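Please read the structure below before turning to the comments.
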Amino acid sequence: MGSDGKRKKRGRKSKTQTTLDPTTPTLNDEVFSVNNVEIVNSTTPTSANHPENRRGRPKKRPKHSPEKPPPLTNGEIGVATPVEGVARVLPAMDAVVKVFCVHTEPNFSLPWQRKRQYSSSSSGFVIRGRRVLTNAHSVEHYTQVKLKKRGSDTKYLATVLAIGTECDIALLTVNDDEFWEGVSPVEFGELPALQDAVTVVGYPIGGDTISVTSGVVSRIEILSYVHGSTELLGLQIDAAINSGNSGGPAFNDKGQCVGIAFQSLKHEDAENIGYVIPTPVIKHFIQDYEKNGAYTGFPFLGIEWQKMENPDLRMAMGMKPDQKGVRIRRVDPTALESEVLQPSDIILSFDGVDIANDGTVPFRHGERIGFSYLISQKYTGDNAAIKVFRNSKTLEFVIKLSTHRRLIPPHVKGKPPSYYIIAGFVFTTVSVPYLRSEYGKEYEFEAPVKLLDKLLHSMPQSPDEQLVVVSQVLVADINIGYEDIVNTQVLAFNGKPVKNLKSLASMVENCDDEFLKFDLEYDQIVVLRMKTAKEATVDILTTHCIPSAISDDLKP
Numbered sequence: 001m002g003s004d005g006k007r008k009k010r011g012r013k014s015k016t017q018t019t020l021d022p023t024t025p026t027l028n029d030e031v032f033s034v035n036n037v038e039i040v041n042s043t044t045p046t047s048a049n050h051p052e053n054r055r056g057r058p059k060k061r062p063k064h065s066p067e068k069p070p071p072l073t074n075g076e077i078g079v080a081t082p083v084e085g086v087a088r089v090l091p092a093m094d095a096v097v098k099v100f101c102v103h104t105e106p107n108f109s110l111p112w113q114r115k116r117q118y119s120s121s122s123s124g125f126v127i128r129g130r131r132v133l134t135n136a137h138s139v140e141h142y143t144q145v146k147l148k149k150r151g152s153d154t155k156y157l158a159t160v161l162a163i164g165t166e167c168d169i170a171l172l173t174v175n176d177d178e179f180w181e182g183v184s185p186v187e188f189g190e191l192p193a194l195q196d197a198v199t200v201v202g203y204p205i206g207g208d209t210i211s212v213t214s215g216v217v218s219r220i221e222i223l224s225y226v227h228g229s230t231e232l233l234g235l236q237i238d239a240a241i242n243s244g245n246s247g248g249p250a251f252n253d254k255g256q257c258v259g260i261a262f263q264s265l266k267h268e269d270a271e272n273i274g275y276v277i278p279t280p281v282i283k284h285f286i287q288d289y290e291k292n293g294a295y296t297g298f299p300f301l302g303i304e305w306q307k308m309e310n311p312d313l314r315m316a317m318g319m320k321p322d323q324k325g326v327r328i329r330r331v332d333p334t335a336l337e338s339e340v341l342q343p344s345d346i347i348l349s350f351d352g353v354d355i356a357n358d359g360t361v362p363f364r365h366g367e368r369i370g371f372s373y374l375i376s377q378k379y380t381g382d383n384a385a386i387k388v389f390r391n392s393k394t395l396e397f398v399i400k401l402s403t404h405r406r407l408i409p410p411h412v413k414g415k416p417p418s419y420y421i422i423a424g425f426v427f428t429t430v431s432v433p434y435l436r437s438e439y440g441k442e443y444e445f446e447a448p449v450k451l452l453d454k455l456l457h458s459m460p461q462s463p464d465e466q467l468v469v470v471s472q473v474l475v476a477d478i479n480i481g482y483e484d485i486v487n488t489q490v491l492a493f494n495g496k497p498v499k500n501l502k503s504l505a506s507m508v509e510n511c512d513d514e515f516l517k518f519d520l521e522y523d524q525i526v527v528l529r530m531k532t533a534k535e536a537t538v539d540i541l542t543t544h545c546i547p548s549a550i551s552d553d554l555k556p
């Protein structure tokens, strides 16, 4: 009962849909509308027995001479812990900056133009070499990036050096020397252990000044990186990560950075679940940039594999009782490893590390992790030793690792979409951003089954293969009867298979036949007179204010 005799009511939590999205930047003091994530702040109630909460005169503390804590550098603060005489040092707050970005996204549904620009804010921090780290989704499709230091009223123009879409990290710099005055770079620490304390610093929604939240490491495993559509090592923490925290550092008790805040989980049965990009992934990104002068990506094995936990399956494959591994289901024909690996091969080890039947490898004391972690530690172009079991024989190969290309790419890495228009038919290529533009965030449920099947299961048969579709038909007299064709794959043109959009545009432009015949999915065909089709294209472009019938990247 309260002091006024009235019983306080507990608020009922509203049910929300499960989402796992990057923590979005704040948009003009509001949550950025794409991939919106709401997080409940992690607050620790102060104990009633704390000396500051006791009523009456505080007791005198015994006189003693504790060891003097180390001097604090610029921007550091000392926080007293329950242990007398010990100070937990938080890192230099001056190294954490606010990132302002103006985005101009491509319009994938109308690929000859861009969407209306919008502004966002997020977080970042200074590292050695006069550079700043933030999240890739914080500066995606940027047209201008500015940084503001803590306590400053000046915004400095920044240059984007590299964007790692897969790992959701971006590297920035500022040419103005004034920006770097009085700023101490953040030092990186080792991968933390479970229950290690972490402090997340940034500029989340809810205010303009710097924000600090604290928690512990609750899980370390291979996570799904939503922005990059990849799976890499990640930390799960219980510190609040809100919109605008993106790109902010997570520190340990020694004031060292152990990760970058980047996404959070929202579920009606879960609270305060945030995710942090750990230092091994961050260092891989930085070293990749320093080694190659650009971000080249994380290598992946171009295979699909199956667990071998069933004893009958292992016996049927001829494996010995002491042999463990995973079975290769399919091999990407465009991957380098397709020259040595075959379906039904059993991968026993990678770089000398034995793989268990469930696809895990030893990680740390008492921990196991998916063997893709071993691959992600390598760099594009590195060699790796792989041991396989094939036809009752153990074979060893040395393979060259490379990035993995999908038939429907999960991102376009800032490039404008390609398109080609003839007689009002708008041809383009399918990507995840295109599906999201056409069908919204629920594209995995709303898109045509044929496209979803290719998204989830199809592999490219050649390095330059693309999935070409008729996006829409701009209605005109010449295309009467074809108006309802939408997002349908183009299989062939005048009897020749369509490998990619550039080949289709080239075949149509150089066609001397009387008719243009397009074979589409679902056994549909489109036939147009070549001469009238090209004449009608000019009028259609003028009507819809389209500057060109072909995108710049497809022009000869």
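Residue numbers (full-length UniProt numbering): 1 to 556.
Here a beta-carbon is modelled for each residue, glycine too, at the ideal position from N, C-alpha and C.
Please read all numbers here as calculations on a predicted model, not as lab measurements.
Using 10 angstroms around the beta-carbon of residue 198, count the other beta-carbons present and answer buried if the total reaches 16, otherwise exposed. The sequence position of residue 198 within the sequence shown is 198, counting from 1. Residue 198 should be labelled buried.
State the CB to CB distance for the pair residue 102 and residue 122, rounded to an integer number of angstroms; the pair is presumed to be in contact (CB under 8 Å). Indexing the sequence shown from 1 puts residue 102 at position 102. Indexing the sequence shown from 1 puts residue 122 at position 122. Not a contact, Cβ separation roughly 13 Å.
Closer than 7 Å by C-beta to residue 502: which residues in its own chain qualify, once you throw out the five before and the five after it? Chain order, please. Within the sequence shown, residue 502 is the residue found at index 502, counting from 1. Within the same chain, residue 502 has close Cβ partners 554.
Closer than 7 Å by C-beta to residue 385: which residues in its own chain qualify, once you throw out the five before and the five after it? Chain order, please. Stepping through the sequence shown from its first residue, residue 385 is reached at position 385. Here the set comprises 351, 352, 396 and 398.
Can you tell me the Cα-Cα spacing of residue 381 and residue 372, whole angstroms? Within the sequence shown, the letter at position 381 stands for residue 381. Within the sequence shown, the letter at position 372 stands for residue 372. Roughly 16 Å between the two C-alpha positions.
What is the rounded straight-line gap between the Cα of residue 364 and the Cα of residue 134? Along the sequence shown, read from residue 1 onward, the residue named residue 364 stands at position 364. Along the sequence shown, read from residue 1 onward, the residue named residue 134 stands at position 134. Each residue's alpha carbon lies about 28 Å from the other.
Does DSSP put residue 592 in a helix, in a strand, or in coil? The structure shown has nothing for residue 592, since the chain only spans 1 to 556.
In angstroms with no decimal places, state the Cα-to-Cα distance between residue 172 and residue 419. On the sequence shown, position 172 is the one that residue 172 refers to. On the sequence shown, position 419 is the one that residue 419 refers to. Using only the alpha carbons, I get a separation of about 31 Å.
Measuring straight from C-alpha to C-alpha, what distance separates residue 315 and residue 343? Working through the sequence shown from its first residue, we reach residue 315 at position 315. Working through the sequence shown from its first residue, we reach residue 343 at position 343. Going by the C-alpha atoms only, they are around 17 Å apart.
At what residue ranges does the stretch 356–417 contain a whole run of the alpha helix (DSSP H), taking only runs of 4 or more? 372–376
How is the alpha helix (DSSP H) around residue 443 delimited, first residue to last? By one-based count along the sequence shown, residue 443 stands at place 443. Counting along the chain, the alpha helix (DSSP H) containing residue 443 begins and ends at 443–446.
Beta-bridge partners of residue 519, as assigned by DSSP: As a working mapping, residue 519 is identified with position 519 in the sequence shown. Answer is 492 and 525.
Over what stretch of residues does the beta strand (DSSP E) that includes residue 557 continue unbroken? Examination of residue 557 is not possible in this model, given that the chain is present from 1 through 556 alone.
Buried or exposed: which applies to residue 391, given that a residue is buried once 16 or more other Cβ atoms fall within 10 Å of its Cβ? Your numbering for residue 391 matches position 391 in the sequence shown. Exposed, by the Cβ-count rule.
Per-residue burial, residue 219 [other beta carbons within 10 Å of its own, 16 or more giving buried]: Along the sequence shown, read from residue 1 onward, the residue named residue 219 stands at position 219. Exposed: under 16 other Cβ atoms inside 10 Å.
Mind pulling the alpha helix (DSSP H) runs of 4 or more residues that sit fully within the stretch 283–371? 311–316
Which whole runs of the beta strand (DSSP E) in the stretch 215–249 are 3 residues long or more, in chain order? 230–237
Given residue 146, which residues of its chain have a CB within under 7 Å of its CB, disregarding the five upstream and five downstream residues? As a working note, residue 146 is residue 146 in the sequence shown. Closer than 7 Å at the Cβ level, and outside the excluded window around residue 146, lie 100, 155, 156, 157 and 158.
With a CB to CB cut of under 6 Å and the five nearest residues on each side skipped, what residues in its chain are close to residue 546? Your numbering for residue 546 matches position 546 in the sequence shown. If we look at residue 546 and ignore the five residues flanking it on each side, its Cβ neighbours are 112.
My parser needs the alpha helix (DSSP H) runs of 4 or more residues fully inside the stretch 159–197; what are they? none
Would you decide whether residue 462 is buried or exposed? Buried here means 16 or more other CB atoms lie within 10 Å of its CB. If you number the sequence shown from 1, residue 462 lands on position 462. Label assigned to residue 462: exposed.
Quick check on DSSP: helix, strand or coil for residue 142? Along the sequence shown, one-based indexing puts residue 142 at 142. If DSSP states are grouped into helix, strand and coil, residue 142 belongs with the strands.
Could you give the first and the last residue of the continuous beta strand (DSSP E) run that contains residue 119? Taking the sequence shown and counting its residues from 1, the one referred to as residue 119 is at position 119. It spans 118–127 - the beta strand (DSSP E) in which residue 119 sits, taken as one unbroken run.
Boundaries of the beta strand (DSSP E) in which residue 426 is found, first to last residue: Counting from one through the sequence shown, the residue named residue 426 turns up at place 426. Segment 425–429, the beta strand (DSSP E) holding residue 426.
Compute the distance between the beta-carbons of residue 338 and residue 345, then report whether it is under 9 Å. Within the sequence shown, the letter at position 338 stands for residue 338. Within the sequence shown, the letter at position 345 stands for residue 345. No; because the gap between Cβ atoms is not below 9 Å, this pair is not in contact.
How big is the Cα-Cα spacing for residue 278 and residue 233? Residue mapping note: residue 278 aligns to position 278 of the sequence shown, counting from 1. Residue mapping note: residue 233 aligns to position 233 of the sequence shown, counting from 1. Using only the alpha carbons, I get a separation of about 7 Å.
Could you say which of 448, 175 and 497 lies nearest to residue 466 if we only look at CA atoms? Sequence index remark: in the sequence shown, residue 466 carries index 466 (1-based). It is 497.
Proximity below 9 Å, CB of residue 436 to CB of residue 108: Locating residue 436 in the sequence shown gives position 436, counting from the first residue. Locating residue 108 in the sequence shown gives position 108, counting from the first residue. Result yes, Cβ atoms of residue 436 and residue 108 sit closer than 9 Å.
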